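**Q** Numbering (the working numbering), first residue to last: 17 to 286.
Yeah, the Cβ is synthetic: ideal placement off N, Cα and C, and Gly gets one too.
Since the structure is predicted, the reported quantities are computational estimates derived from the model, not experimental observations.
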């Protein structure tokens with residue numbers, strides 16, 4: 017374990033000298049240090065979502081969006097928020113949780129004052145904040161540069177993004193439970209990435225899919241988040257659609273929390 021992680025862990029563990037915010041801050045600083053030092057992970061978090069948005073925007077020229085009421089740019093940008101959540105939070109955190117477990121960081125932290133939820137939250141904070149900044153930048157660039165309309169319902173857009181951050185962080189912890197090594201995290205997170213990209217409406221709106229296929233895709237973890245984000249930015253969703261999206265997101269979050277409580281491992285897998 018690096019010196020930076022050890023020092024921040026000791027700071028977080030000092031009895032009576034830090035409150036919960038202080039402990040979370042110490043853990044977050046340690047995790048941010050490791051993220052910055054890992055150039056591959058940092059590159060994936062910062063630039064891969066942008067590359068995917070640009071490449072997908074080009075491929076959407078072959079998709080018939082006539083019945084959706086959406087432009088290619090609108091689909092790419094709102095779907096891009098979903099890709100940020102998936103890549104910066106879900107994939108990145110799955111690797112981080114796995115690495116910290118295998119390095120015995122999580123086991124050592126449990127002997128300190130820090131609670132289990134604080135350990136998971138502190139580890140997630142840098143990735144969550146980075147994703148939040150990227151989501152804000154996508155909206156700003158979309159409105160200021162790409163001539164996309166300003167968010168129709170900002171509170172709904174914020175709700176969708178924040179709910180997505182929480183869900184992806186929790187799913188990352190659940191996925192880490194079944195991930196043996198950092199290298200294998202690329203494999204264990206791939207199904208979620210592919211299923212979400214193809215079936216949750218990120219870059220192909222559900223309205224453009226056959227009805228039976230769309231009905232199945234509505235049950236996927238990212239579908240509710242994408243629906244809330246797209247409705248908050250572009251409007252047009254009915255109350256029933258929003259209720260379904262909210263219930264979908266809530267149900268998957270509850271299931272993810274249950275999976276973490278039941279299966280999350282704090283010691284290296286053998």
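Below 7 Å CB to CB, which residues in the same chain sit around residue 211 once its five sequence neighbours on both sides are set aside?
**A** If we look at residue 211 and ignore the five residues flanking it on each side, its Cβ neighbours are 236.
**Q** Excluding five sequence neighbours on each side, which residues of the same chain lie with their C-beta closer than 8 Å to the C-beta of residue 279?
**A** Take residue 279, set aside five residues on each side of it, and the residues of its chain with a beta-carbon closer than 8 Å to its own are 190, 193 and 194, in chain order.
**Q** Checking 8 Å against the spacing of the C-beta atoms, do residue 94 and residue 246 come in under that value?
**A** yes
**Q** Going by Cα to Cα distance, which pick from 271, 53 and 88 is closest to residue 70?
**A** 88
**Q** CB-CB under 7 Å to residue 164, same chain, minus the five flanking residues each way: which ones, in chain order?
**A** Closer than 7 Å at the Cβ level, and outside the excluded window around residue 164, lie 89, 90, 93 and 158.
**Q** Give me the Cα-Cα distance between residue 120 and residue 112, rounded to the nearest whole angstrom.
**A** 12 Å
**Q** Ignore the nearest five residues each way along the sequence and tell me which others in residue 126's own chain have a CB closer than 8 Å to its CB.
**A** 132, 135 and 282
**Q** Counting only beta-carbon separations shorter than 8 Å, does residue 119 have a partner in chain D?
**A** Protein chain content of the structure displayed is limited to a single chain, and chain D is not contained in it.
**Q** With DSSP collapsed to three states, give me the class of residue 132.
**A** helix
**Q** Quick one: Cα of residue 172 to Cα of residue 186, how far?
**A** 21 Å
**Q** Taking buried to mean at least 16 other C-beta atoms within 10 Å of its own C-beta, is residue 142 buried or exposed?
**A** Buried.
**Q** Closest by CA to residue 39, which one among 153, 197 and 137?
**A** 137
**Q** Apply the 10 Å Cβ neighbour rule to residue 264 and answer buried if 16 or more other Cβ atoms are within range, or exposed otherwise.
**A** buried
**Q** Measure the alpha-carbon distance for residue 241 versus residue 259 and round it to whole angstroms.
**A** Straight through space, the alpha carbons of residue 259 and residue 241 are spaced by roughly 12 Å.
**Q** If the criterion is Cβ atoms closer than 8 Å, does the pair residue 205 and residue 110 meet it?
**A** yes
**Q** If you compare alpha carbons, which of 262, 51 and 174 is closest to residue 248?
**A** Distance from the Cα of residue 248 is smallest, within the candidate group 262, 51 and 174, for 174.
**Q** Is it buried or exposed for residue 256, if we count other Cβ within 10 angstroms and need 16 for buried?
**A** exposed
**Q** Contact check, residue 43 vs residue 139 under 8 Å by CB: the rounded distance?
**A** Under the criterion of beta carbons closer than 8 Å, residue 43 and residue 139 qualify as touching, at roughly 6 Å.
**Q** How far does the alpha helix (DSSP H) with residue 38 in it reach, from first residue to last?
**A** 36-53
**Q** Rounded to whole angstroms, what's the CA-CA distance from residue 227 to residue 233? Just pull it up for me.
**A** In this model, residue 227 and residue 233 are separated by some 10 Å (Cα to Cα).
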